[in-house]
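Remarks on the structure that follows.
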Amino acid sequence: MSAAKAPRVVAELGRPETSQETAARKAENSRNHRRRQTVNNLVLSLIATLVLVFVIVLAVPRAEAPDRPDIDYSQLASEAQAGIDSKLVTPDLPKAWASNYAELRTSSGDNIQSWNVGLISPENEFVGIVQGLQANDTWLSTQLDSAKPTGTVTIDGIDWIVYEHGSGTGKGNVGYALSTVAGPSTIAVFGTAPAASIKDVAKSITPDIRSNINGVSAADTTSAQ
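If you read the sequence shown in our numbering, its first letter stands for residue 147, the second for the next number, and so on.
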């Protein structure tokens, strides 16, 4: 028979521990072990979750930023020019500008035809150009959301009427606007962009405005080029 194992001597007590003390010590050690295991499992679960989220984020396809519109309004103006005596205005702007539409429209009711160009500034603000052919004041008021004249300004030798805001609760697309009459054409430049940007667009169509003021037909302009 093997000799019985001597009771464990507890240094703090200076004597062997009793069977109850031994049982209590083992139970405490077991509880501490389980607590450590629980903490370790939580940490491992958190790490696994973070890794899974990271993998999912990498796997989800990114939506590419939408391209800026690229409408060639000069080309469209040339195509629309046939049968129209007035020179259709085409702004000459830096490449940072873009266009989202360029088309001929006919308004309902008064049946007035107009050339319309939509522009996006480098700051992603809207500027519109509308050129009414044989238009009238009622047509212009409709185009500018019933905005009221607030003054005048001369840009590159052309006199423009200034408008600010429309008649509705919001300014819509007419935060600031300019209009002028050039021969048979009534031309307005308007938008949500700052006034300086709208004036830049107005300046960019000065040559076409002068052509209409001087009665130079589109055919004459084309042959001169």
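For every residue, glycine included, the Cβ atom is placed at its ideal position computed from N, Cα and C.
Residue 250 - containing beta strand (DSSP E), residue span: Counted from its first residue, the sequence shown places residue 250 at position 104. Taken as a continuous stretch (DSSP letters only), the beta strand (DSSP E) holding residue 250 covers 244-252.
Residue 328 to residue 243 span [Cα, whole Å]: One-based indexing of the sequence shown puts residue 328 at position 182. One-based indexing of the sequence shown puts residue 243 at position 97. Each residue's Cα considered, the two are about 25 Å apart.
DSSP three-state assignment for residue 265, whether helix, strand or coil: Numbered from its first residue, the sequence shown carries residue 265 at position 119. Residue state, collapsed to three classes: strand.
Residues that DSSP places opposite residue 272 in a beta bridge: Stepping through the sequence shown from its first residue, residue 272 is reached at position 126. Paired residue(s): 266.
Whether residue 330 touches residue 309 by CB criterion (9 Å): As a first step, residue 330 is located in the sequence shown; it is residue number 184 there, counting from the start. As a first step, residue 309 is located in the sequence shown; it is residue number 163 there, counting from the start. Not closer than 9 Å, so no.
Paired residues, beta bridge with residue 230 - DSSP: For the purposes of this step, residue 230 is taken as the residue at position 84 of the sequence shown. Residue 230 is not bridged to any residue.
Cβ neighbours of residue 319 in the same chain (closer than 8 Å, five flanking residues each side left out): Taking the sequence shown and counting its residues from 1, the one referred to as residue 319 is at position 173. So the qualifying residues of the chain are 272, 274, 291, 336, 337 and 338.
Integer Cβ distance of residue 333 from residue 343, believed to fall under 8 Å: The count along the sequence shown starts at 1 and reaches residue 333 at position 187. The count along the sequence shown starts at 1 and reaches residue 343 at position 197. The beta-carbon separation of residue 333 and residue 343, rounded to 17 Å, does not stay under the 8 Å limit for a contact.
Alpha carbon of residue 264 to alpha carbon of residue 245, nearest angstrom: Along the sequence shown, read from residue 1 onward, the residue named residue 264 stands at position 118. Along the sequence shown, read from residue 1 onward, the residue named residue 245 stands at position 99. If you take the alpha carbons of residue 264 and residue 245, they lie about 6 Å apart.
Outcome for residue 183 when other beta-carbon atoms lying within 10 angstroms are tallied against a minimum of 16: The residue you call residue 183 lines up with position 37 of the sequence shown. Answer is exposed; the Cβ neighbour count stays below 16.
Same chain, Cβ closer than 8 Å to residue 256, five either side skipped, listed in chain order: In the sequence shown, counting from the first residue as 1, residue 256 sits at position 110. Once the five neighbours on either side are set aside, the close Cβ partners of residue 256 are 282, 284 and 285.
DSSP-derived helix/strand/coil call for residue 162: For the purposes of this step, residue 162 is identified with residue 16 of the sequence shown, where counting begins at 1. DSSP places residue 162 in strand when its eight states are reduced to three.
Per-residue DSSP class, three states only, for residue 292: As a working note, residue 292 is residue 146 in the sequence shown. Here residue 292 sits in coil by DSSP.
Simplified DSSP state of residue 326, which is helix, strand or coil: Along the sequence shown, one-based indexing puts residue 326 at 180. Looking at residue 326 - three-state DSSP - the assignment turns out to be strand.
Residue 276 beta carbon less than 9 Å from that of residue 144: Residue 144 lies beyond the residue range present for the chain, which begins at 147 and ends at 371; the question has no answer from this structure.
Beta carbon of residue 301 nearer than 9 Å to that of residue 352: What you label residue 301 is simply residue 155 of the sequence shown in a count that begins at 1. What you label residue 352 is simply residue 206 of the sequence shown in a count that begins at 1. It is a contact, given that the beta carbons lie within the stated cut-off.
Nearest-angstrom Cα separation, counted from residue 348 out to residue 361: In the sequence shown, counting from the first residue as 1, residue 361 sits at position 215. In the sequence shown, counting from the first residue as 1, residue 348 sits at position 202. Here the alpha carbons of residue 348 and residue 361 stand approximately 19 Å from one another.
Cβ neighbours of residue 220 in the same chain (closer than 6 Å, five flanking residues each side left out): Numbered from its first residue, the sequence shown carries residue 220 at position 74. Non-local C-beta neighbours of residue 220 in its own chain, meaning closer than 6 Å and more than five positions away in sequence, comprise 236, ordered along the chain.
Where residue 302 falls: helix, strand or coil (DSSP): Your numbering for residue 302 matches position 156 in the sequence shown. Residue state, collapsed to three classes: coil.
Cβ pair residue 357, residue 239 closer than 9 Å: Numbered from its first residue, the sequence shown carries residue 357 at position 211. Numbered from its first residue, the sequence shown carries residue 239 at position 93. With contacts defined by Cβ atoms closer than 9 Å, residue 357 and residue 239 do not form a contacting pair.
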